[in-house]
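Engineer:
Residue numbers (full-length UniProt numbering): 1 to 337.
This is the structure in structure tokens:
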């Protein structure tokens, strides 16, 4: 809990952090039950170290493919259920009647057909807005649409001034911006300036990003490098197979030479304001994940807390929508709108 509060620079909502840390272990246990193959060592789950953590506690799967394995496990459960998935369908407007969210207007990008879907509960879970920036680790769909939909429907937003920049995105000519996981430094990778001097460490992401940006400014855009070449090649290839092969596709062998890196937009701390049950100020409208903001991350998210945030608060959202949460009480958290 203290690591989360410290990384958040004193701006975390303490109640939200208490919920995250107390309910997080059960949500991880759910993932294991659903078949997420977290990496193990000697029969125990292997725990990694990342920035601003006081001890190793990061679970990982497939080396550096944790998100993919979680997504596959959850998608399999959706496929086994009666949930209907609408592909190539964009939400264009939330319909509000008598102050309540009652429907979603959509557009099929393939056919051009518009449809309106009514619902008792509407959940916005559209992710972040990294595409607002020239350099981002986010996919092309991360355009902030969900927050815009909520705002236009009357939902309050908060902490929109806080956007996290990941310190180590690949900055290689001809290659797209690609995340070089913080776990690399947790396993021993070292940041070096162009004169080969080590710099920064496993500090919070905002601290390391500013250090790199400052170094680049001082050297007129001089490159900073992430070096893991001192570790055995098989260790790097097994622990970071996705990163290793991606870089190799661009003629960069990270087992033999350092990777040029620079900060890139990575995570939106702000979003649609929610309470700890996923509720917004608009009846019938909920939000979760990166599109939502409970202020659990404060001004700077602790490494790897994003997946935990989504799991914990989405589960509470479901309980709330089923009437299992306490009566709605709007907190006194600050809002910008």
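For glycine and all other residues, C-beta sits at the position ideal for the given N, C-alpha and C.
Please give me, in chain order, every unbroken run of the alpha helix (DSSP H) with length at least 4 that falls completely inside the segment 35-81.
Structural biologist: 66-80
Engineer: So which of 248, 255, 218 has the shortest CA-CA distance to residue 236?
Structural biologist: 255
Engineer: So, using beta-carbon positions, are residue 111 and residue 91 closer together than 8 angstroms?
Structural biologist: no
Engineer: What's the gap between the Cα of residue 324 and the Cα of residue 258?
Structural biologist: Cα to Cα, residue 324 sits roughly 52 angstroms from residue 258.
Engineer: Is the segment 141-158 touching the segment 193-203, taking contact as three or more C-beta pairs under 8 angstroms?
Structural biologist: no
Engineer: Going by alpha carbons, who is nearest to residue 60 out of 54, 144, 44?
Structural biologist: 44
Engineer: How long is the line joining the alpha carbons of residue 11 and residue 251, rounded to whole angstroms?
Structural biologist: 42 angstroms
Engineer: Applying the criterion that 16 or more other CB atoms from any shown protein chain within 10 Å of the CB defines a buried residue, is residue 164 buried or exposed?
Structural biologist: buried
Engineer: Quick one: grab the DSSP three-state call for residue 85.
Structural biologist: coil
Engineer: Taking a contact to mean a Cβ-Cβ separation below 8 angstroms, would you say residue 302 touches residue 3 in this structure?
Structural biologist: In contact: residue 302 and residue 3 (Cβ atoms closer than 8 angstroms).
Engineer: Short of 8 angstroms in beta carbon distance, which residues of its chain neighbour residue 14, apart from the five on each side in sequence? Order them along the chain.
Structural biologist: 5
Engineer: Residue 66: which of 289, 116, 240 sits nearest, CA to CA?
Structural biologist: 240
Engineer: Can you tell me which residues form a DSSP beta bridge with residue 115?
Structural biologist: 106
Engineer: Tell me the rounded alpha-carbon separation between residue 171 and residue 242.
Structural biologist: Taking the straight line from one Cα to the other gives about 17 angstroms.
Engineer: Please determine if the segment 70-87 and the segment 32-46 are in contact, where contact requires at least 3 C-beta pairs separated by less than 8 angstroms.
Structural biologist: yes
Engineer: Between 207, 7, 174, which has its C-alpha nearest residue 260's C-alpha?
Structural biologist: 174
Engineer: Measuring CB to CB, does residue 169 end up less than 8 angstroms from residue 64?
Structural biologist: no
Engineer: Using 8 angstroms as the threshold, is the C-beta distance between residue 269 and residue 299 below it?
Structural biologist: yes
Engineer: Could you check the C-alpha separation between residue 338 and residue 294 for me, to the nearest Å?
Structural biologist: Past the boundaries of the shown model lies residue 338; the chain is included only from 1 to 337, so the question cannot be answered.
Engineer: Report the option in 114, 130, 108, 97 whose CA atom is closest to the CA atom of residue 120.
Structural biologist: 97
Engineer: According to the Cβ coordinates, are residue 117 and residue 104 closer than 8 angstroms?
Structural biologist: yes
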